[in-house]
Amino acid sequence: MPVMGNSLRAAALLAFVVLSILVSLLISSVQQFGAKISHFSNATLSGDEGEFESLRGALNSQLNERRKEIIPLLVFNGDDENGLLRESRRFLQHDEAQESTLDYNLWNEITHGSRKAHMDEMDCESLVDMQAVEILGSGYTKLVVKVNLAGGQPVALKLVNEKGIDMGKCVEDFKDPQGCRELVSYKLKKEMVLLQRLQHPNIIKLRGHCAGDSGGQGGRGQGGERVTVILEQGNPLQMIQLLQSPWEDRFRVCLDLVRLLHFLSHSPLGSVALLDFQPRQFVTVSGELKLTDLDDASAEETVCQTDADCSLQFPHRNFTLPCSAQGVCEGLNEKMNIYNAYRYFFTYLLPHQAPPDLTHLVDHIMNSTGELKADINQTLEAFEHILLLYKSGLHLDNLPPSIIRDYTVMRGMGTSGNVEYRCWPSYSQQGCVLSVHSAREAAYICNSHPHCSSFSLSGHKTWTGRLLASFRSGFSHLVPDETSEVYVKKTKTPETPV
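Note that the working numbering numbers the sequence shown so that position 133 is 142, with each residue one more than the last.
Below is the structure:
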């Protein structure tokens with residue numbers, strides 16, 4: 010009984026917090042749907058009973074369609090890669106009574122939060138005494154809120170956007186706020202199932218969920234059911250900021266994206282397409298790119314009779330893929346993902362300021378993805394090859410070994426009273442800090458900068474393991490620093506005229 014009480018208290022608190030946030034933070038153009046919800050709720054009480062039953066029947070029909078989208082994902086057999094497809098086909102052949110039984114058995118955990126799958130998984134009790142920090146995003150369907158839990162741990166909560174367009178339109182059509190909340194929440198439930206099935210380092214981690222209602226009636230009390238997805242906290246991907254970042258960080262985003270798309274092409278659900286492929290669907294966690302929106306992911310294969318049925322249409326390019334003997338478009342989901350990665354990410358992040366000795370490899374990736382000449386396996390292989398060369402320094406073999414002889418090295422020393430100059434892109438806005446594989450590459454860079462007279466190497470490294478080098482035009486004196494090395498350009502003795 011105490012556990013039930015805590016769960017209800019957490020659900021009630023969650024409802025209160027969400028409503029408070031909505032009232033105080035959502036923009037006025039979205040809030041107008043709140044008035045519609047109230048208006049149509051009152052109209053339902055006094056409206057024609059026959060009309061209400063008809064609308065409820067139509068709403069139930071849509072609810073059943075949403076269930077059919079999700080249940081095949083729930084019956085997935087992890088021991089058999091083809092188990093999902095077989096179970097999906099079997100489910101679609103069930104009669105209504107069998108569907109109802111299957112739906113009840115599989116739906117209990119997500120709808121009512123009946124158990125934890127893992128000891129560290131969060132539930133409603135984890136949200137008691139949480140503190141709402143800010144709204145991270147609000148859309149047609151969902152609201153994303155950053156909260157700090159009782160222990161100070163930040164997480165992101167995804168909830169139904171009570172003032173969103175999907176909720177408003179549903180209430181306008183069916184005049185049933187509680188039923189509409191249930192309908193709209195199916196997107197959250199589908200996303201939660203996908204997060205359970207598609208676990209990958211470049212997909213946001215599902216920390217848990219809370220399901221219940223403020224009335225304590227199994228999700229259909231006076232307040233209607235409330236479903237909350239608990240996710241790890243990430244930072245929204247800022248493309249403008251990323252465009253100003255060093256090439257190494259931009260390459261990391263593209264590499265993470267390709268690794269993600271490779272997984273999606275060979276996932277337990279089959280080949281998965283991201284139907285809403287936009288930078289806003291991604292966040293970064295400790296510099297690592299993660300997909301945070303999966304409700305528009307689809308593992309459905311496009312059926313066809315001829316190649317003409319397998320058309321991929323983009324604003325400036327169209328492609329036609331082959332129709333297989335089995336009557337499906339070969340690789341359509343995978344190719345759609347690749348080209349979207351090319352036009353939204355690679356085009357802006359990959360070629361600019363790439364290391365000169367890697368430019369030809371970057372150009373090859375741009376051509377093969379922009380023309381859809383490579384599959385995701387080949388694309389990942391090309392990215393991993395560049396990473397190998399970049400981390401190992403093999404692309405620097407053409408640098409003369411003697412270049413470092415132009416510098417005097419002082420180990421265990423740092424500099425003070427530095428005279429900085431700026432270079433772009435730099436890891437520091439106040440000076441010129443770049444990543445290098447070795448002192449030899451740093452010497453090469455310093456020689457190419459007219460203002461550079463010295464550089465320092467410290468123990469700080471980038472995500473690839475490369476060193477961070479600070480370049481400067483001068484300094485006043487040396488100071489002891491066990492983690493640093495200072496390289497000073499030797500002064501050339503002027504030649505005596507004959």
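For glycine and all other residues, C-beta sits at the position ideal for the given N, C-alpha and C. Small disclaimer: the values here were computed from a predicted structure and weren't measured.
Practice problem: May I ask you to report which of helix, strand or coil DSSP gives glutamine 438? | Solution: Residue state, collapsed to three classes: coil.
Practice problem: Sort out for me which residues DSSP pairs isoleucine 212 with in a bridge. | Solution: Note: isoleucine 212 sits in a beta bridge opposite Leu300.
Quiz item: Within 10 angstroms of its Cβ, does arginine 481 collect 16 or more other Cβ (buried), or is it exposed?
Solution: Buried: at least 16 other Cβ atoms inside 10 Å.
Quiz item: What is the rounded straight-line gap between the Cα of serine 462 and the Cα of glycine 402?
Solution: Computed Cα separation, rounded: 24 Å.
Quiz item: Taking only runs of the beta strand (DSSP E) that begin and end inside the region 263–316, which ones reach a length of at least 3 residues, in chain order?
Solution: Within the region 263–316, the complete beta strand (DSSP E) segments of 3 residues or longer fall at 291–294, 297–300, listed in chain order.
Quiz item: When the Cα atoms are used, what is the spatial distance from methionine 4 to threonine 301?
Solution: Missing from the structure shown is residue 4; the chain here goes from 10 to 507 and no further.
Quiz item: Roughly how many whole angstroms lie between the Cα atoms of glycine 296 and histidine 469?
Solution: The alpha-carbon atoms of glycine 296 and histidine 469 are separated by roughly 16 Å.
Self-check item: Beta bridge counterpart(s) of proline 331 as assigned by DSSP
Solution: None; proline 331 has no bridge partner.
Quiz item: Helix, strand or coil: which one does DSSP assign to aspartate 193?
Solution: A small fix is needed here, since residue 193 is valine in this sequence, not aspartate. Note: valine 193 maps to helix in three-state DSSP.
Quiz item: Any idea what DSSP makes of phenylalanine 484, helix, strand or coil?
Solution: Phenylalanine 484 sits in coil when the DSSP states are folded into three classes, being neither helix nor strand.
Quiz item: Between the C-alpha atoms of threonine 388 and asparagine 349, what's the straight-line distance to the nearest angstrom?
Solution: Distance between the alpha carbons of threonine 388 and asparagine 349 is about 14 Å.
Practice problem: Could you name the residues of the same chain whose beta carbon sits closer than 8 Å to that of arginine 206, not counting the 5 residues immediately before and after it, in chain order? | Solution: The answer, listed in chain order, is Leu82, Phe85, Ser276, Pro277, Leu278.
Quiz item: Excluding sequence positions up to five away, which residues of its chain have a Cβ less than 8 Å from the Cβ of glycine 243?
Solution: Within the same chain, Cβ atoms closer than 8 Å to the Cβ of glycine 243 are found at Ala165, Ile213, Val292, Thr293, Val294, Lys299, Thr301, the five residues on either side in sequence being excluded.
Quiz prompt | Nonlocal neighbours in the same chain, by C-beta distance under 8 Å from serine 29, ignoring five residues either side | solution = Because serine 29 carries a pLDDT of 47, less than 50, the predicted location of this residue cannot be relied on, and the following value inherits that uncertainty. Cβ-Cβ distances below 8 Å link serine 29 to Ala141 in the same chain, with the five nearest sequence neighbours on each side left out; the list follows chain order.
Exercise. Please state if the CB of tyrosine 149 and the CB of aspartate 185 are separated by a distance shorter than 7 Å.
Key: Note that the C-beta distance between aspartate 185 and tyrosine 149 is not below 7 Å.
Quiz item: Exposed or buried, asparagine 407, counting other C-beta atoms within 10 Å across all chains shown (16 or more means buried)?
Solution: Label assigned to asparagine 407: exposed.
Practice problem: Using a threshold of 7 Å, state whether the C-beta atoms of cysteine 455 and leucine 359 are closer than that. | Solution: Cβ atoms of cysteine 455 and leucine 359: not closer than 7 Å.
Practice problem: Spatial neighbours of methionine 163 within its chain, please: CB distance less than 6 Å, with the 5 preceding and 5 following residues excluded, ordered by chain position. | Solution: According to the sequence displayed, residue 163 carries proline and not methionine. If we look at proline 163 and ignore the five residues flanking it on each side, its Cβ neighbours are Asn157, Gln242.
Quiz item: How long is the line joining the alpha carbons of glycine 421 and aspartate 258, rounded to whole angstroms?
Solution: C-alpha separation (whole angstroms): 29 Å.
Quiz item: Among Gly423, Tyr357, Glu62, which residue has its Cα nearest to the Cα of serine 485?
Solution: Taking only the C-alpha atoms, the option nearest serine 485 is Gly423.
Quiz prompt | Of the residues Arg449, Arg431, Leu443, the one placed nearest proline 459, counting alpha carbons only | solution = Considering only alpha carbons, the answer is Arg431.
Quiz prompt | Unbroken stretches of the alpha helix (DSSP H), 4 residues or longer, contained in the region 231–256 | solution = With a minimum length of 4 residues, the unbroken runs of alpha helix (DSSP H) contained wholly in the region 231–256 fall at 248–252.
Quiz item: Hey, is the region 364–375 in contact with the region 317–336, meaning 3+ C-beta pairs nearer than 8 Å?
Solution: Result no; under three Cβ-Cβ pairs closer than 8 Å.
Exercise. Please name the residue, chosen from Thr492, Ser457, His446, that lies closest to threonine 473 on a Cα-to-Cα basis.
Key: If we check each option's Cα against that of threonine 473, His446 comes out closest.
Quiz item: To which residues does DSSP link proline 364 through a beta bridge?
Solution: Partner(s): none; proline 364 has no beta bridge.
Quiz prompt | Cβ distance (whole Å) where leucine 283 is taken to contact aspartate 305 below 8 Å | solution = Contact between leucine 283 and aspartate 305 holds: their C-beta atoms lie close to 7 Å from each other, under 8 Å.
Quiz item: When DSSP labels each residue in this structure, what does histidine 218 get in the three-state scheme?
Solution: If DSSP states are grouped into helix, strand and coil, histidine 218 belongs with the strands.
Practice problem: In angstroms with no decimal places, state the Cα-to-Cα distance between serine 254 and valine 236. | Solution: Looking at the two C-alpha atoms, the distance is approximately 38 Å.
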